[in-house]
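Last residue of the sequence shown: 549 in our numbering, with the numbers rising by one and none dropped.
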Amino acid sequence: MEWIHELAIKRKSQRSTVFIVGTMDSARIQEFLRLNHDEILLPTGFEYAEIIQYNMLNGKVLKKRKWSEPFESKWDVVELDEPPLSYIDSLIRRRTTLAIIYYVYTEEQALQLSNALLEWSLDVDEKIYGIHSTVVVFTSNTELFPQVLRKFCYVMNIPPSTPLERKNLLERLVNEIIEGYRLSKGNKDIIKRLKPTAEIVVASAGLDLHMVEAATSESIMMERALKPEYYTKYKIDYLKEYGIEYIEPKFGFEAVGGYERLKQYIRERIIDLIRNPKEAEWYGLTPPKGIIMFGLPGTGKTHLAKALAKEIKLPVLKIDAATFLRGIVGETEKRIKLVRNLIENFSPAIVFIDEIDQLTMARGRVMATDSGVSRRLTNMLLDWFGDRDRESIIIGATNFISDIDPAFLRPGRTDVLIPVLLPDFNARKEIFHIHTQVLRNIPLASDIDWDELAEKTFMMTGAEIEAIIIEAAFNAKKDKKKVSQKHLLNAIESMQLNIEERSRDFKRFLNEAKKIGFINRKFLDDLVNEYTTVERSKTKAFVEYL
Numbered sequence: 004m005e006w007i008h009e010l011a012i013k014r015k016s017q018r019s020t021v022f023i024v025g026t027m028d029s030a031r032i033q034e035f036l037r038l039n040h041d042e043i044l045l046p047t048g049f050e051y052a053e054i055i056q057y058n059m060l061n062g063k064v065l066k067k068r069k070w071s072e073p074f075e076s077k078w079d080v081v082e083l084d085e086p087p088l089s090y091i092d093s094l095i096r097r098r099t100t101l102a103i104i105y106y107v108y109t110e111e112q113a114l115q116l117s118n119a120l121l122e123w124s125l126d127v128d129e130k131i132y133g134i135h136s137t138v139v140v141f142t143s144n145t146e147l148f149p150q151v152l153r154k155f156c157y158v159m160n161i162p163p164s165t166p167l168e169r170k171n172l173l174e175r176l177v178n179e180i181i182e183g184y185r186l187s188k189g190n191k192d193i194i195k196r197l198k199p200t201a202e203i204v205v206a207s208a209g210l211d212l213h214m215v216e217a218a219t220s221e222s223i224m225m226e227r228a229l230k231p232e233y234y235t236k237y238k239i240d241y242l243k244e245y246g247i248e249y250i251e252p253k254f255g256f257e258a259v260g261g262y263e264r265l266k267q268y269i270r271e272r273i274i275d276l277i278r279n280p281k282e283a284e285w286y287g288l289t290p291p292k293g294i295i296m297f298g299l300p301g302t303g304k305t306h307l308a309k310a311l312a313k314e315i316k317l318p319v320l321k322i323d324a325a326t327f328l329r330g331i332v333g334e335t336e337k338r339i340k341l342v343r344n345l346i347e348n349f350s351p352a353i354v355f356i357d358e359i360d361q362l363t364m365a366r367g368r369v370m371a372t373d374s375g376v377s378r379r380l381t382n383m384l385l386d387w388f389g390d391r392d393r394e395s396i397i398i399g400a401t402n403f404i405s406d407i408d409p410a411f412l413r414p415g416r417t418d419v420l421i422p423v424l425l426p427d428f429n430a431r432k433e434i435f436h437i438h439t440q441v442l443r444n445i446p447l448a449s450d451i452d453w454d455e456l457a458e459k460t461f462m463m464t465g466a467e468i469e470a471i472i473i474e475a476a477f478n479a480k481k482d483k484k485k486v487s488q489k490h491l492l493n494a495i496e497s498m499q500l501n502i503e504e505r506s507r508d509f510k511r512f513l514n515e516a517k518k519i520g521f522i523n524r525k526f527l528d529d530l531v532n533e534y535t536t537v538e539r540s541k542t543k544a545f546v547e548y549l
């Protein structure tokens, strides 16, 4: 209830007469309605003559009875012969009144309130300030209100839930169930399964109190225990509404074939700093908050980002740039801020933005007919990327690093640039093994020659090797046999890779990488030298393409 403490201090210090509170959690509204408002909000010696609530969804106005009345009957419906806002205006100017307005979900509702709220917050004749009347508005998004109004009101956004709030709520719910079902020491197993562990508190992070309660009830109803997957399901469904995919990665670097030097670089520059922040601080280093992976299509950037997340035990919030852009075209910056705040509520987490070049396009590439949406989006994203206080770690992936505005690549916004080359001979061998025996369990014949497969897939990507394995498995299924070397070689032949074209694309990628001003050039050179050395020694038939 830190937010209530903040609101109380600001009201008692006369910061404003009007408070706009951002939350989509109905449990927060009920939490506020249950307070002893005289004690919390008013200076000593004052008490509210009237406490009223206005529900903007159904239009009802309720008046609170005195504290001596039973809890369940303390609100009476007010029959009005005038508009609700006129009724509230007359009360807050004549008597010490607390008006609670809630369920403000649309711009239309916000506009209905805005003129009255501005007049009350300005309080030119100081009648409202003088008698300590207060108006508290609960809205799903504080950005629905005009900026000029927000300047004179006190605006606060409540986090969905804190770890302590979730722990207390879980304990209360479990205790109610234990008492309700009269569970005793003879039900030790059930009581143990119902215990709110630290794992459950963490699993419910990002959910508001209402969703935590719903997920808890569902878990107990179905499992007679608290299971993390029920809270995860609520996260998945909730974030999906905003075009964000919630992922809990299953595999770490053990499922990334090859790329040993690249993985070592990521361990040293990213993972170790995040795992050991105190040691990093001792050396004057800070954990990275912005990472961009770039490479040819299909080289495994998404897979690598998920594996990185698994290594540091964080979930992934995946945003597809195209979907994200479709969601905001024609809308204002409010949508972007809402998504940004939503992401931070679910952090610490890895925010993976695929095709990030679509969101961070160099200004010279923006069409002259653009209405200004791209410019505003760029400025807001630059502000987000540069926010060192954010808990999210942004990882962007792109096939076209040269299309990204250089402002995004500067240190402070992007801390680590990771070039992802084509897999070399050794990596291709491991990719075949991982996709047949780790990520999948494909029945293999005894004649598999990994070296031959690696040589035959020169300059192919990990995605293409995966497609080869799937094609071979289909053909083996048709033959009702295990996957053999012949099945795999036939699948490779059917791929018909144009090596000359791929070689040109790869060289273009390397040339673009060398032009980036903020890249670790030594690391890039080491990767290239290792790749060419391995390929020259293992795939001699293709040396002319290196």
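Note that beta-carbon positions come from the ideal geometry of N, C-alpha and C, so glycine has one too.
At what residue ranges does the stretch 81-161 contain a whole run of the beta strand (DSSP E), taking only runs of 3 or more?
100-107, 137-142 and 157-160
Considering only the alpha carbon of each residue, which of Glu-248, Leu-276 and Ala-312 lies closest to Ala-324?
Translated into positions along the sequence shown, residue 324 becomes position 321. Among Glu-248, Leu-276 and Ala-312, the Cα nearest to that of Ala-324 is on Glu-248.
Start-to-end residues for the alpha helix (DSSP H) that takes in Gln-488
One-based indexing of the sequence shown puts residue 488 at position 485. Looking at the DSSP string, the run of the alpha helix (DSSP H) that includes Gln-488 is 488-498.
Taking Leu-131 and Thr-47 to be in contact with their CB atoms under 8 Å, please state how far apart those CB atoms are, rounded to whole angstroms.
Here the question's residue 131 lines up with position 128 in the sequence shown. Here the question's residue 47 lines up with position 44 in the sequence shown. Note that residue 131 is Ile in the sequence shown here, rather than Leu. Between Thr-47 and Ile-131 the Cβ distance is about 20 Å, and since that is not below 8 Å, they are no contact.
Every unbroken beta strand (DSSP E) inside the stretch 247-310 [3 residues or more]:
247-250 and 293-298
Three or more C-beta pairs below 8 Å linking the stretch 85-100 and the stretch 131-143:
yes
Quick check on the burial criterion: 16 or more other C-beta atoms within 10 angstroms. Buried or exposed for Pro-409?
For the purposes of this step, residue 409 is taken as residue 406 along the sequence shown, with counting starting at 1. With fewer than 16 Cβ atoms within 10 Å of its Cβ, Pro-409 is classed as exposed.
Any idea which residues DSSP pairs Gln-56 with across the strands?
In the sequence shown, counting from the first residue as 1, residue 56 sits at position 53. DSSP lists Leu-65 and Ile-103 as partners of Gln-56.
Touching or not, the stretch 290-307 and the stretch 399-417, by the rule of three or more beta carbon pairs under 8 Å?
yes
How about the stretch 253-272 and the stretch 420-438: do they share at least three Cβ pairs that are nearer than 8 Å?
yes
How is Ile-445 classed by DSSP in three states: helix, strand or coil?
Residue mapping note: residue 445 aligns to position 442 of the sequence shown, counting from 1. In this structure, Ile-445 counts as coil in the three-state DSSP scheme.
Where Met-224 falls, given that 16 or more other Cβ within 10 Å makes a residue buried:
In the sequence shown, the residue the question calls residue 224 occupies position 221. Looking at its Cβ environment, which holds fewer than 16 other Cβ atoms inside 10 Å, Met-224 is exposed.
Between the Cα of Leu-44 and those of Asp-240, Leu-10 and Arg-31, spot the shortest distance and give me the residue it belongs to.
The sequence position of residue 44 within the sequence shown is 41, counting from 1. The shortest C-alpha separation from Leu-44 is found at Leu-10.
Drop a sphere of 10 angstroms on the beta-carbon of Phe-411, count the other beta-carbons inside from all chains shown, and report buried for 16 or more, exposed for fewer.
Position 408 of the sequence shown, counting from 1, holds the residue named residue 411. By the neighbour-count rule (16 or more Cβ atoms within 10 Å), Phe-411 is buried.
Helix, strand or coil: which one does DSSP assign to Thr-20?
Locating residue 20 in the sequence shown gives position 17, where the first residue counts as 1. Here Thr-20 sits in coil by DSSP.
Using the rule of at least 16 other Cβ atoms within 10 Å of the residue's Cβ for burial, across every protein chain shown, is Glu-467 buried or exposed?
As a working mapping, residue 467 is identified with position 464 in the sequence shown. That one is buried.
Is DSSP giving Ile-421 helix, strand or coil here?
Reading the sequence shown from its first residue, position 418 is the one you call residue 421. It is a strand residue.
Please go through the same chain and pick out, in chain order, the residues whose beta-carbon is closer than 6 Å to the beta-carbon of Val-423, but skip the five residues on each side of it.
Looking up residue 423 in the sequence shown gives position 420. For Val-423, where only same-chain residues beyond five positions count, the Cβ hits under 6 Å are Met-296, Gly-298, Thr-302 and Lys-304.
With a threshold of 8 Å on Cβ separation, who are the neighbours of Leu-125 within its own chain once the five nearest residues in sequence on each side are excluded?
Along the sequence shown, read from residue 1 onward, the residue named residue 125 stands at position 122. Only Phe-155 meet the Cβ criterion.
Whole-angstrom distance between Ile-396 and Tyr-51, CA atom to CA atom:
The residue given as residue 51 occupies position 48 in the sequence shown. The residue given as residue 396 occupies position 393 in the sequence shown. Near 46 Å, if we compare the C-alpha coordinates of Ile-396 and Tyr-51.
From which residue to which residue does the beta strand (DSSP E) around Ala-400 run?
Working through the sequence shown from its first residue, we reach residue 400 at position 397. That run of the beta strand (DSSP E) goes 396-401.
Nearest neighbour of Lys-518, chosen from Met-364, Pro-149, Asp-406 and Gln-115 [CA to CA]:
For this step, residue 518 is matched to residue 515 along the sequence shown. The candidate whose alpha carbon is nearest that of Lys-518 is Asp-406.
Within 10 Å of its beta-carbon, does Trp-387 have 16 or more other beta-carbons around it, so buried, or fewer, so exposed?
Your numbering for residue 387 matches position 384 in the sequence shown. Looking at its Cβ environment, which holds 16 or more other Cβ atoms inside 10 Å, Trp-387 is buried.
May I have the straight-line CA-CA distance separating Asp-79 from Leu-65, to the nearest angstrom?
Taking the first residue of the sequence shown as 1, we reach residue 79 at position 76. Taking the first residue of the sequence shown as 1, we reach residue 65 at position 62. Going by the C-alpha atoms only, they are around 5 Å apart.
DSSP beta-bridge partners of Trp-78
Taking the sequence shown and counting its residues from 1, one reaches residue 78 at position 75. Partner(s): Lys-67.
Please classify Val-140: is it buried, with 16 or more other beta-carbons within 10 angstroms of its beta-carbon, or exposed?
Within the sequence shown, the letter at position 137 stands for residue 140. Classification of Val-140: buried, given that the 10 Å Cβ count is 16 or more.
To the nearest angstrom, how far is it from the Cα of Phe-256 to the Cα of Leu-307?
The count along the sequence shown starts at 1 and reaches residue 256 at position 253. The count along the sequence shown starts at 1 and reaches residue 307 at position 304. Going from the Cα of Phe-256 to the Cα of Leu-307 covers about 8 Å.
Helix or strand or just coil, what does DSSP make of Thr-536?
Counting from 1 along the sequence shown, the entry for residue 536 is found at position 533. In the structure shown, Thr-536 sits in a helix (DSSP, three-state: H, G or I).
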